[in-house]
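Take the position in the sequence shown, starting the count at 1, then add 8; the result is the number in our numbering.
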Amino acid sequence: MNETESKSLPQNAYSPLKPGESYTPIIPAAHNEPELTARAILWGLIFCVIFSVASAYSALKVGQGMEAAIPISILTIGLARIYKRRSSLLENVITTGIGGASAAVVAGAVFTLPALYILHLDPHPVQTIFICLAGGCLGVLFLIPLRRYFVSEMHGQLPFPEATAITEVLVTGEKGGSQARLLLQATGIAGVYDFFVTTFHVWREYLDFQFLPPVRALAERGRAVFSFDAIGFILGLGYVMGLRSAIVFCAGGIFSNFILAPLIWFAGSHVTTAVYPGIVPISHMDAGEIYRNYVRFIGVGAIASAGIVGVLKSLRIIAGAFGIALHAFRHGEALNTERTDRDIPMMTILLGVVLGALAVAFFFGSFHVTWAVLALGLLLTLLFSFFFTSVAANAIATTANNPASGMTMLTIIIAAVVLLGFGLSGTTGMFFVMAIAGMVCTALCVSGQAITDLKVGYWMGSTPGAQEKVKFLGVIAAAVTAGLTIILLAHAFQFGEAAPGDPRQVLAAPQAAIMKALVVGFMSRQPVTYLLFGVGAMVTVVLEMLGKSSLVFALGMYLPLGLTSPILAGGFLSHLVNRKSENTGGDHGSKIRERGVILASGLMAGGALGGVLGAALRLFPSYNEDLIRTPFYANDPVSQTVSALMFLGLCLYVWFTAQRKEKN
């Protein structure tokens, strides 16, 4: 095989396939390169442990975990060159996949497990690790039957922003030359830019333009607030998503912030008492409080309904996967498939689900609950894990944003309401419900990260079964590391709020604090926001009737407008560059498109690295945002204007650099 060809993505890597056309990966199925080697697995486990510890501490301290997969892919490229035999692309995919499990497992853990310590339930170390491990393994097992649907059958129809960035890092870094220099340049610019703007007081990260009287009046009188997170990572993310997805994504944010929030304000501004689930009258709320107390729950209902629709759409693929399992059961072997389409055997997956279910049932049995509660807890865990696996995979494939918090809140609410009906309450009920939520949250976080790895492997030519096997190794390493880290931090710090007489320093654990408040409220038999969930479900129904992407819109409803608006800017920039590529035509036109993707991937990679470094600095007691502070930072008109101009400069950098002709 030609060396150059082996390191170049095919022309149809990111575009839908024409009738009769097929995708041939960089490493074709007929070629066997080193893949599951000791070095790839060892480095993956090392990265997994390191990033699990760092991400758990960071998420508990500042509410922000560390992006793992993209930085690990960059580190992997560097490590590949220290060996006499340079590591192959497929080995690099394995290392990145194992290491990337760290952030996913940690995300599931920190959203739920610290709540048990805030409630003074003090779980046993084995319980803490088991919740992470069971959820992670279920997430991988439930995702495998969906792999062909998301990875190959939807080829070119889902943008896979994070997978695109990882792929471009691995391929471009391996190829070297001008493209590698371009990737490193964009990575360096975004890394420095995002590091300073998110870590210190140099200029405003978030723009709201409320220094303009009309904008401020709109926010105060109508509770309609605009926001814009001006960082390079999100610009690159929107570029890779493309204009079509970015428009739908941002439309959800506009619907929430400029329609739902003002409507709720209009309807409740004259009510003098609190309207559940709010705890103060709507007339006393600002736009952010209206969003958190009401609009967010509408978004959760829309996401959950869109997830159910997604599962229904993929039933044919699931049925086909079980057909393979039935064939294996009858004939003793699976249908022959080529290497690049070979998953773990379905009989093994079914056996894994059965063993996992038995382990979860045994775990629930340790709470000494009734058989009915045990069976319901097991059923809820398996059902939510299965359905939300599809939600997470679709969300990550489309927007690179996993709606973990919304789905976990929905899990807590439904589980609490159902189990209350069977007499489960008190501290045992809270522990039981949080254990279900912890497993489900970890499952959907891991499944979202796993679909990214499998898409990278699809583009590269990896063996899916090999990636799936090592993903379990990553889950085990991350579950043990994250569980032990949370236990150690729980002894050294307080989670949530300071308790009277406790001198230990406080780790905010903001996500877990929200989940704790939620489970306490519902296990205390407070009413459920069925109406808000139902409104969200109806939004999904309307969108599906119109033939639109309901999940992307629902995600836009749930996520802050500050995130969706810069994504739209990135999507629009992508549209302009691609139009320029089409109008130019020829080899230079294709180079413009290719360089645009490399630049956007560099912005994502650099932004992730800058965020990791900034999060790491926050862990030191001597850190202070004012260590670097510009004289104009506190002046909103100047600071926000500078931020807008700097973000515009990033856009112009991508625009002009993508069109630059390469020197021979």
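For every residue, glycine included, the Cβ atom is placed at its ideal position computed from N, Cα and C.
Of the listed residues Thr389, Ala111 and Gly622, nearest to alanine 490 (C-alpha basis): By 1-based counting over the sequence shown, the position of residue 490 is 482. Closest by alpha carbon: Ala111.
Let me confirm a value: histidine 339 is counted as buried when at least 16 other C-beta atoms fall within 10 Å, else exposed. Which label applies? Counting from 1 along the sequence shown, the entry for residue 339 is found at position 331. With a pLDDT of 49 at histidine 339, under the threshold of 50, the modelled position of that residue is not reliable, and the figure given next carries that caveat. Exposed, by the Cβ-count rule.
Leucine 567 (DSSP reduced to helix, strand or coil): The residue given as residue 567 occupies position 559 in the sequence shown. Looking at leucine 567 - three-state DSSP - the assignment turns out to be coil, as it is neither helix nor strand.
Return the chain-ordered list of same chain residues with a C-beta closer than 7 Å to the C-beta of phenylalanine 480, the five sequence neighbours on each side being excluded. Here residue 480 refers to the residue found at position 472 when the sequence shown is read from its first residue. Excluding sequence neighbours, phenylalanine 480 sits near Cys145 and Val148.
Leaving out the 5 sequence neighbours to the left and right, which residues in its chain are closer than 6 Å to alanine 198 when beta-carbon positions are compared? By 1-based counting over the sequence shown, the position of residue 198 is 190. Gly240, Leu611, Gly614 and Gly615.
Tyrosine 214 - DSSP class collapsed to helix/strand/coil: The residue labelled residue 214 in the question sits at position 206 within the sequence shown. The answer is strand: DSSP assigns tyrosine 214 an E or B state.
Just checking, does the region 381-401 make contact with the region 444-455 on the three C-beta pairs under 8 Å criterion? yes
Measure the Cβ-Cβ separation of proline 270 and arginine 231 and say whether it is below 8 Å. Your numbering for residue 270 matches position 262 in the sequence shown. Your numbering for residue 231 matches position 223 in the sequence shown. Yes.
Check this for me: beta carbons of alanine 445 and threonine 120, under 8 Å apart or not? Counted from its first residue, the sequence shown places residue 445 at position 437. Counted from its first residue, the sequence shown places residue 120 at position 112. For alanine 445 and threonine 120, yes; Cβs fall inside 8 Å.
Output the boundary residues of the alpha helix (DSSP H) element that contains valine 634. As a working mapping, residue 634 is identified with position 626 in the sequence shown. Checking the displayed sequence, the identity of residue 634 turns out to be aspartate instead of valine. Premise fails: aspartate 634 is in no alpha helix (DSSP H) and is neither H nor E.
With a 10 Å radius around its C-beta and 16 neighbouring C-beta atoms as the bar for buried, classify leucine 391 as buried or exposed. Position 383 of the sequence shown holds residue 391. Classification for leucine 391: exposed.
Would you check if there are 3 or more beta carbon pairs closer than 8 Å linking the region 350-369 to the region 409-416? no
Distance between phenylalanine 234 and aspartate 216 (C-alpha atoms, nearest Å): Translated into the one-based positions of the sequence shown, residue 216 becomes position 208. Translated into the one-based positions of the sequence shown, residue 234 becomes position 226. About 5 Å.
Taking the straight line between their C-alpha atoms, what separation do you get for glycine 250 and alanine 123? Within the sequence shown, numbered from 1, the residue matching residue 250 stands at position 242. Within the sequence shown, numbered from 1, the residue matching residue 123 stands at position 115. So the alpha carbons of these two residues sit roughly 38 Å apart.
For glutamate 297, report the span of its alpha helix (DSSP H) as first-last. As a position in the sequence shown, residue 297 is number 289, starting the count at 1. Looking at the DSSP string, the run of the alpha helix (DSSP H) that includes glutamate 297 is 295-298.
Applying the 10 Å Cβ sphere with the 16-neighbour rule, what's the burial state of isoleucine 287? Indexing the sequence shown from 1 puts residue 287 at position 279. Looking at its Cβ environment, which holds fewer than 16 other Cβ atoms inside 10 Å, isoleucine 287 is exposed.
Since leucine 452 is in the alpha helix (DSSP H), which residue starts that stretch and which ends it? Numbered from 1 along the sequence shown, position 444 holds the residue referred to as residue 452. Its alpha helix (DSSP H) spans residues 434-468.
DSSP state of histidine 583, grouped into three classes? Indexing the sequence shown from 1 puts residue 583 at position 575. In this structure, histidine 583 counts as helix in the three-state DSSP scheme.
Rounded to the nearest angstrom, what separates tyrosine 201 and glycine 618 at their Cα positions? Residue numbering aside, residue 201 sits at position 193 when the sequence shown is read from its first letter. Residue numbering aside, residue 618 sits at position 610 when the sequence shown is read from its first letter. About 8 Å.
What does the alpha-carbon distance come out to for the pair glutamate 297 and proline 42? Taking the first residue of the sequence shown as 1, we reach residue 297 at position 289. Taking the first residue of the sequence shown as 1, we reach residue 42 at position 34. Each residue's Cα considered, the two are about 54 Å apart.
Of all the alpha helix (DSSP H) runs that stay within the bounds of the region 114-178, which reach a length of 4 or more residues? 133-151
Option nearest threonine 548 by Cα separation, candidates Leu387, Ala238, Phe263 and Gly622: Numbered from 1 along the sequence shown, position 540 holds the residue referred to as residue 548. Cα-wise, what sits closest to threonine 548 is Phe263.
Quickly, what does DSSP pair histidine 209 with across the bridge? List them, please. To locate residue 209, count along the sequence shown from 1; it is residue 201. Answer by DSSP bridge pairing, in chain order: Arg637.
Within 10 angstroms of the Cβ of methionine 9, are there 16 or more other Cβ atoms? Answer buried if so, exposed if not. Taking the first residue of the sequence shown as position 1, residue 9 is located at position 1. With a pLDDT of only 39 at methionine 9, under 50, the local geometry of the prediction cannot be trusted, and the value read off the model is given with reservation. Exposed: under 16 other Cβ atoms inside 10 Å.
State the Cα-Cα distance for the pair glycine 181 and threonine 471, rounded to the nearest angstrom. Counted from its first residue, the sequence shown places residue 181 at position 173. Counted from its first residue, the sequence shown places residue 471 at position 463. Each residue's alpha carbon lies about 21 Å from the other.
Cα-Cα separation, methionine 293 to phenylalanine 541: Taking the first residue of the sequence shown as 1, we reach residue 293 at position 285. Taking the first residue of the sequence shown as 1, we reach residue 541 at position 533. When rounded, the distance between both Cα atoms is 21 Å.
Nearest neighbour of alanine 349, chosen from Glu161, Phe168 and Leu97 [CA to CA]: Numbered from its first residue, the sequence shown carries residue 349 at position 341. Checking the sequence shown, residue 349 turns out to be aspartate, not alanine. Closest option to aspartate 349, Cα to Cα, is Glu161.
Quick check: the Cα distance between valine 605 and threonine 172, rounded to an integer number of angstroms? For the purposes of this step, residue 605 is identified with residue 597 of the sequence shown, where counting begins at 1. For the purposes of this step, residue 172 is identified with residue 164 of the sequence shown, where counting begins at 1. Rounded to whole angstroms, valine 605 to threonine 172 spans 8 Å at the Cα level.
Cross-strand partners of aspartate 237 (DSSP beta bridge): Numbered from 1 along the sequence shown, position 229 holds the residue referred to as residue 237. DSSP output for aspartate 237 lists Tyr214 as bridge partner(s).
Using only the alpha-carbon positions, how far apart do serine 651 and leucine 245 sit? Locating residue 651 in the sequence shown gives position 643, counting from the first residue. Locating residue 245 in the sequence shown gives position 237, counting from the first residue. Distance between the alpha carbons of serine 651 and leucine 245: 19 Å.
CB-CB under 7 Å to valine 317, same chain, minus the five flanking residues each way: which ones, in chain order? Mapped onto the sequence shown, residue 317 falls at position 309. Only Thr548, Glu552 and Ser558 meet the Cβ criterion.
The region 378-388 in contact with the region 90-107 per 3-pair CB rule at 8 Å: no
Beta-carbon within less than 8 Å of proline 645's beta-carbon, same chain only, minus the 5 sequence neighbours each way: which residues are those? For the purposes of this step, residue 645 is taken as the residue at position 637 of the sequence shown. The answer, listed in chain order, is Phe219.
Helix, strand or coil for asparagine 402, going by three-state DSSP, please let me know. As a working mapping, residue 402 is identified with position 394 in the sequence shown. Asparagine 402 falls in the helix class under three-state DSSP.
Let's see if you can read the secondary structure: which residues bound the alpha helix (DSSP H) around proline 79? Within the sequence shown, residue 79 is the residue found at index 71, counting from 1. Taken as a continuous stretch (DSSP letters only), the alpha helix (DSSP H) holding proline 79 covers 77-88.
How big is the Cα-Cα spacing for glutamate 11 and leucine 44? As a working note, residue 11 is residue 3 in the sequence shown. As a working note, residue 44 is residue 36 in the sequence shown. With a pLDDT of 40 at glutamate 11, under the threshold of 50, the predicted position of this residue should be treated as unreliable, though the coordinate-derived value follows. One C-alpha to the other measures close to 21 Å.
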